[in-house]
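In the working numbering, the protein residues as written are 180 to 625.
Every residue gets a Cβ at the ideal spot worked out from N, C-alpha and C, and that includes glycine.
The next block holds one structure in the form of structure tokens; read it before the comments.
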Ligand code: UDX
């Protein structure tokens with residue numbers, strides 16, 4: 180008999196996980212406490228823009244013409260508890276307001292709702308990014324609350340998906356990590372992930388704390404790599420070097436590798452910044468804060484990038500923003516996403532606006548979300564409209580659409596042909612040939 184799966188929380192992670200599990204052939208029931216989200220998903224639409232997700236939903240959501248019918252949605256905990264052999268907890272763990280620590284309230288609430296209803300054997304699998312030690316604590320709570328007793332077990336299975344590649348990362352993960360306490364839990368998860376494992380994804384079995392820490396460590400490493408190259412960009416600017424060339428040369432060393440070495444305005448989004456802060460906070464609680472003091476520097480190098488971009492923009496405007504029209508290309512924290520959470524691009528746009536510039540933003544997918552956060556910025560329907568009569572153009576999120584812009588066409592629309600590339604993704608030669616003054620972070624001015 181095929182396992183029946185449930186997914187609790189249908190945000191970024193949960194919606195993708197539920198659709199991907201249906202694609203792997205499982206019957207899936209996904210729960211959210213927000214009826215509006217459930218209605219959107221039942222109609223076959225993801226809660227956010229993510230390439231390939233709506234197509235997967237159309238293929239599997241019950242009630243959609245021609246679908247497999249394997250994926251259903253509910254707001255009922257009872258239905259979830261009755262249905263599932265394996266329950267994936269995919270709720271959000273945001274940063275606590277005003278603190279570095281992780282807000283576990285959604286995870287805790289999910290366990291409190293589900294556990295008392297587990298009357299038959301079940302494996303509860305945590306996927307949310309949590310402080311190390313949470314799985315131990317939640318396993319104890321499950322044992323206290325579940326009527327099934329020891330037959331209701333916990334596993335921890337961190338998720339490493341990237342926005343923009345979420346579907347691909349879920350179906351073909353770089354690795355699957357499971358923290359388990361029993362052979363039964365391991366066997367169930369091997370069954371769930373049999374297809375990706377057969378496709379070559381390594382399956383790493385660990386204890387709870389190690390599984391939790393893999394996620395913390397991976398995000399810390401990635402953040403460090405980005406801040407490292409951004410620190411090199413600062414030195415390049417001071418010394419007249421070119422960080423793009425430097426990164427290319429470094430990347431040829433197989434021990435270093437070319438990925439995550441793009442210098443620019445730094446990392447943002449709903450994961451890396453809050454995860455490294457929560458990791459530091461947790462290490463402090465464990466008496467291991469000294470081990471992670473370097474992450475404080477990683478965070479501060481990263482935050483410095485935004486201020487530096489504002490200063491370069493100010494210099495390009497002749498020392499002040501008053502009376503200047505500035506076009507901002509990009510609002511999301513990365514391309515191929517509509518997510519503006521902790522977006523360096525939107526932060527820079529906002530700072531410049533608050534300092535007196537007239538800012539007009541264009542982003543291929545992030546306009547609606549950006550306007551919710553920053554309604555006072557100007558928004559234009561195309562890149563060409565955004566740059567019209569601008570004194571300065573800032574390139575802040577590296578969408579392919581921006582790389583494919585024709586600088587000659589834009590040159591005719593602007594007041595001054597000055598562009599600052601905050602992502603080191605545009606081709607300087609192309610822009611300079613079209614008459615632009617082109618500057619980029621960590622690169623020499625030509
Ligand atoms: C990240 C992790 O990669 C993923 O494994 C984890 O599950 C969630 O957090 P994501 O937030 O989708 O994923 O974005 P990612 O692609 O890692 O980029 C994060 C930020 O770093 C973006 O703002 C991006 O613009 C920036 N970045 C990335 C750089 O500034 N330079 C780089 O070289 C790479």
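For ligand 1, any of its heavy atoms closer than 7 angstroms to the Cβ of residue 582?
By one-based count along the chain shown, residue 582 stands at place 403. No, the beta carbon of residue 582 sits no closer than 7 angstroms to any heavy atom of ligand 1.
Nearest CA to the CA of residue 480: which residue from 412, 249, 240 and 553?
For this step, residue 480 is matched to residue 301 along the chain shown. The candidate whose alpha carbon is nearest that of residue 480 is 412.
Is residue 227 near residue 515, with beta carbons less than 8 angstroms apart?
As a working mapping, residue 227 is identified with position 48 in the chain shown. As a working mapping, residue 515 is identified with position 336 in the chain shown. No, the Cβ-Cβ distance between residue 227 and residue 515 is not below 8 angstroms.
Which listed residue (567, 572 and 182) has its alpha carbon closest to that of residue 367:
The residue you call residue 367 lines up with position 188 of the chain shown. Checking every option, the nearest Cα to that of residue 367 belongs to 182.
Under 8 angstroms by Cβ, that's how I've got residue 446 and residue 402 pegged, so tell me the actual separation to the nearest angstrom.
By one-based count along the chain shown, residue 446 stands at place 267. By one-based count along the chain shown, residue 402 stands at place 223. Sure, about 6 angstroms apart at Cβ, within 8 angstroms.
Entirely within the stretch 241 to 282 and at least 3 residues each: give me those beta strand (DSSP E) ranges in chain order.
250 to 253 and 265 to 268
Hey, is the stretch 277 to 288 in contact with the stretch 367 to 381, meaning 3+ C-beta pairs nearer than 8 angstroms?
no
Measuring CB to CB, does residue 511 end up less than 8 angstroms from residue 541?
Position 332 of the chain shown, counted from the first residue, corresponds to residue 511. Position 362 of the chain shown, counted from the first residue, corresponds to residue 541. Their beta carbons are not under 8 angstroms apart, which means residue 511 does not touch residue 541 by this criterion.
Could you check whether the stretch 599 to 619 touches the stretch 567 to 584, counting it as contact only if at least three pairs of C-beta atoms, one from each stretch, sit closer than 8 angstroms?
yes
Helix, strand or coil for residue 397 per DSSP?
For the purposes of this step, residue 397 is identified with residue 218 of the chain shown, where counting begins at 1. Note: residue 397 maps to helix in three-state DSSP.
Using 7 angstroms as the cut-off, classify the Cβ of residue 405 as near or not near the heavy atoms of ligand 1, replying yes or no.
Start at 1 with the first residue of the chain shown, and residue 405 comes out as number 226. Answer for residue 405: yes, Cβ within range of ligand 1.
Count the other C-beta atoms from every protein chain shown that fall within 10 angstroms of the C-beta of residue 416, then say buried if there are 16 or more, exposed otherwise.
For the purposes of this step, residue 416 is taken as residue 237 along the chain shown, with counting starting at 1. Buried, by the Cβ-count rule.
Within the same chain, show all residues whose beta-carbon is closer than 6 angstroms to that of residue 381, passing over the 5 residues directly before and after it, in chain order.
Within the chain shown, the letter at position 202 stands for residue 381. Result list for residue 381: 354, in chain order.
Could you check whether residue 496 and residue 571 sit closer than 8 angstroms to each other, using their CB atoms as the reference points?
Sequence index remark: in the chain shown, residue 571 carries index 392 (1-based). Sequence index remark: in the chain shown, residue 496 carries index 317 (1-based). For residue 571 and residue 496, yes; Cβs fall inside 8 angstroms.
Can you grab the Cα-Cα spacing for the pair residue 229 / residue 202, in whole Å?
Taking the chain shown and counting its residues from 1, the one referred to as residue 229 is at position 50. Taking the chain shown and counting its residues from 1, the one referred to as residue 202 is at position 23. Approximately 16 angstroms, taken between the alpha carbons.
Per DSSP, residue 183 forms a beta bridge with which residues?
Here residue 183 corresponds to residue number 4 of the chain shown, with the count starting at 1. Bridge partners of residue 183: 206.
One or two residues paired with residue 600 in a DSSP bridge
As a first step, residue 600 is located in the chain shown; it is residue number 421 there, counting from the start. According to DSSP, which records beta bridges pairwise, residue 600 is partnered with 574 and 619.
Hey, is the stretch 313 to 324 in contact with the stretch 240 to 248, meaning 3+ C-beta pairs nearer than 8 angstroms?
no
Determine contact between the stretch 522 to 537 and the stretch 466 to 479, defined as no fewer than three beta-carbon pairs at a distance below 8 angstroms.
no
For residue 193 and residue 343, the rounded distance between their alpha carbons
One-based indexing of the chain shown puts residue 343 at position 164. One-based indexing of the chain shown puts residue 193 at position 14. Whole-angstrom Cα-Cα distance: 15 angstroms.
Report back the beta-carbon spacing between residue 220 and residue 210 to the nearest angstrom; my notes put them in contact at under 8 angstroms.
On the chain shown, position 41 is the one that residue 220 refers to. On the chain shown, position 31 is the one that residue 210 refers to. Incorrect: roughly 11 angstroms between the Cβ atoms, too far for contact.
What residues in its chain sit with their C-beta under 6 angstroms from that of residue 565, if we drop five residues either side in the sequence?
Taking the chain shown and counting its residues from 1, the one referred to as residue 565 is at position 386. Here the set comprises 506, 539, 541 and 559.
Neighbourhood of residue 429 by C-beta distance below 6 angstroms, restricted to the same chain and skipping five residues each side:
Indexing the chain shown from 1 puts residue 429 at position 250. Cβ neighbours of residue 429 beyond the five flanking positions: 435.
Pick from 593, 536, 427 and 522 that is closest to residue 552, judged by C-alpha positions
Locating residue 552 in the chain shown gives position 373, where the first residue counts as 1. Closest by alpha carbon: 522.
Measure the CB-CB distance between residue 304 and residue 252 and report whether it falls below 8 angstroms.
Counted from its first residue, the chain shown places residue 304 at position 125. Counted from its first residue, the chain shown places residue 252 at position 73. Against a cut-off of 8 angstroms, the Cβ pair of residue 252 and residue 304 comes out as no contact.
Under 8 angstroms between the Cβ atoms of residue 283 and residue 272?
Here residue 283 is taken as the residue at index 104 of the chain shown, counted from 1. Here residue 272 is taken as the residue at index 93 of the chain shown, counted from 1. Yes, the Cβ-Cβ distance between residue 283 and residue 272 is below 8 angstroms.
Following the continuous alpha helix (DSSP H) through residue 358, name the residue where it begins and the one where it ends.
Reading the chain shown from its first residue, position 179 is the one you call residue 358. Segment 355 to 358 is the beta strand (DSSP E) holding residue 358; no alpha helix (DSSP H) there.
According to DSSP, simplified to helix, strand and coil, what is residue 369?
As a position in the chain shown, residue 369 is number 190, starting the count at 1. The answer is helix: DSSP assigns residue 369 an H, G or I state.
Cut-off 7 angstroms between Cβ atoms - residues of its own chain near residue 425, not counting five sequence neighbours on either side
Numbered from 1 along the chain shown, position 246 holds the residue referred to as residue 425. 411 and 415.
Taking the alpha-carbon positions, what's the residue 569 to residue 261 distance?
The residue labelled residue 569 in the question sits at position 390 within the chain shown. The residue labelled residue 261 in the question sits at position 82 within the chain shown. Residue 569 and residue 261: Cα-Cα distance of roughly 60 angstroms.
Just to confirm the assignment, what range does the alpha helix (DSSP H) spanning residue 167 have?
Residue 167 is absent from the structure shown; the chain starts at 180 and stops at 625.
Please determine, among 329, 316, 409 and 308, the residue with the shortest C-alpha to C-alpha distance to residue 390.
Walking along the chain shown from the start, residue 390 turns up at place 211. Cα-wise, what sits closest to residue 390 is 308.
Quick one: is the Cβ of residue 350 within less than 7 angstroms of any heavy atom of ligand 1?
Taking the first residue of the chain shown as 1, we reach residue 350 at position 171. Because no heavy atom of ligand 1 lies under 7 angstroms away, the Cβ of residue 350 does not count as near it: no.
Same chain, Cβ closer than 7 angstroms to residue 586, neighbours up to 5 away in sequence not counted
The count along the chain shown starts at 1 and reaches residue 586 at position 407. Contacts found: 609, 610, 613 and 615.
Under 8 angstroms between the Cβ atoms of residue 441 and residue 602?
In the chain shown, the residue the question calls residue 441 occupies position 262. In the chain shown, the residue the question calls residue 602 occupies position 423. For residue 441 and residue 602, yes; Cβs fall inside 8 angstroms.
Could you check which residue in 265, 269 and 341 has the C-alpha nearest to that of residue 331?
Working through the chain shown from its first residue, we reach residue 331 at position 152. The candidate whose alpha carbon is nearest that of residue 331 is 265.
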